[in-house]
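Scroll down for the structure; my scribbles are underneath it.
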Amino acid sequence: MSVQRFRLQLFVLTSLLIGTVVAISGAIGFVGLMIPHLVRFLVGADHRRVLPIAALLGAVYLVVVDMIGRTIIAPSELPVGIVTAAVGGPFFLWMLWQRRLTGGVR
50 MSVQRFRLQL
60 FVLTSLLIGT
70 VVAISGAIGF
80 VGLMIPHLVR
90 FLVGADHRRV
100 LPIAALLGAV
110 YLVVVDMIGR
120 TIIAPSELPV
130 GIVTAAVGGP
140 FFLWMLWQRR
150 LTGGVR
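Numbering (our numbering), first residue to last: 50 to 155.
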């Protein structure tokens, strides 16, 4: 079995699945993708710490993003998905850039 080919197939499949999830749930799905990466970057890979901290940080993040969406163009409201996408998109570009610089090793 070609490891390189398998890795490419797995990457394409994962990308399609994540794209489907974001398309169904909306851009707010960036929270579930972004926060665990951020927490793992901050506290390490121990899931006993990552899971509870990611849950708390995700909740705090959504409250802050909702507050920003309600106040940035008051009295109108900006949808939460737009604000999360505005933060999540650059975050993932930064992650891809970091991976490219480190050669895929984290």
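The C-beta atom is built at its ideal place from N, Cα and C for all residues, glycine as well.
Where the alpha helix (DSSP H) through Met-116 begins and ends = Start at 1 with the first residue of the sequence shown, and residue 116 comes out as number 67. Run containing Met-116: 96–120, per the alpha helix (DSSP H) assignment.
- Query: Excluding sequence positions up to five away, which residues of its chain have a Cβ less than 8 angstroms from the Cβ of Arg-149?
  - Reply: In the sequence shown, counting from the first residue as 1, residue 149 sits at position 100. Answer for Arg-149: no residue qualifies.
*asked:* Tell me whether the region 62–70 and the region 108–126 touch, counting them as touching only if at least three CB pairs, one residue from each stretch, are closer than 8 angstroms.
replied: no
Quiz item: With 16 other CB atoms within 10 Å as the buried threshold, where does Met-83 fall?
Solution: Within the sequence shown, numbered from 1, the residue matching residue 83 stands at position 34. Per the 10 Å Cβ criterion, buried.
| request: Count the other C-beta atoms from every protein chain shown that fall within 10 angstroms of the C-beta of Ala-104, then say buried if there are 16 or more, exposed otherwise. | output: Locating residue 104 in the sequence shown gives position 55, counting from the first residue. Exposed: under 16 other Cβ atoms inside 10 Å.
Quick check: the Cα distance between Val-136 and Trp-143, rounded to an integer number of angstroms? To locate residue 136, count along the sequence shown from 1; it is residue 87. To locate residue 143, count along the sequence shown from 1; it is residue 94. If you draw a straight line from the Cα of Val-136 to the Cα of Trp-143, it is about 11 angstroms long.
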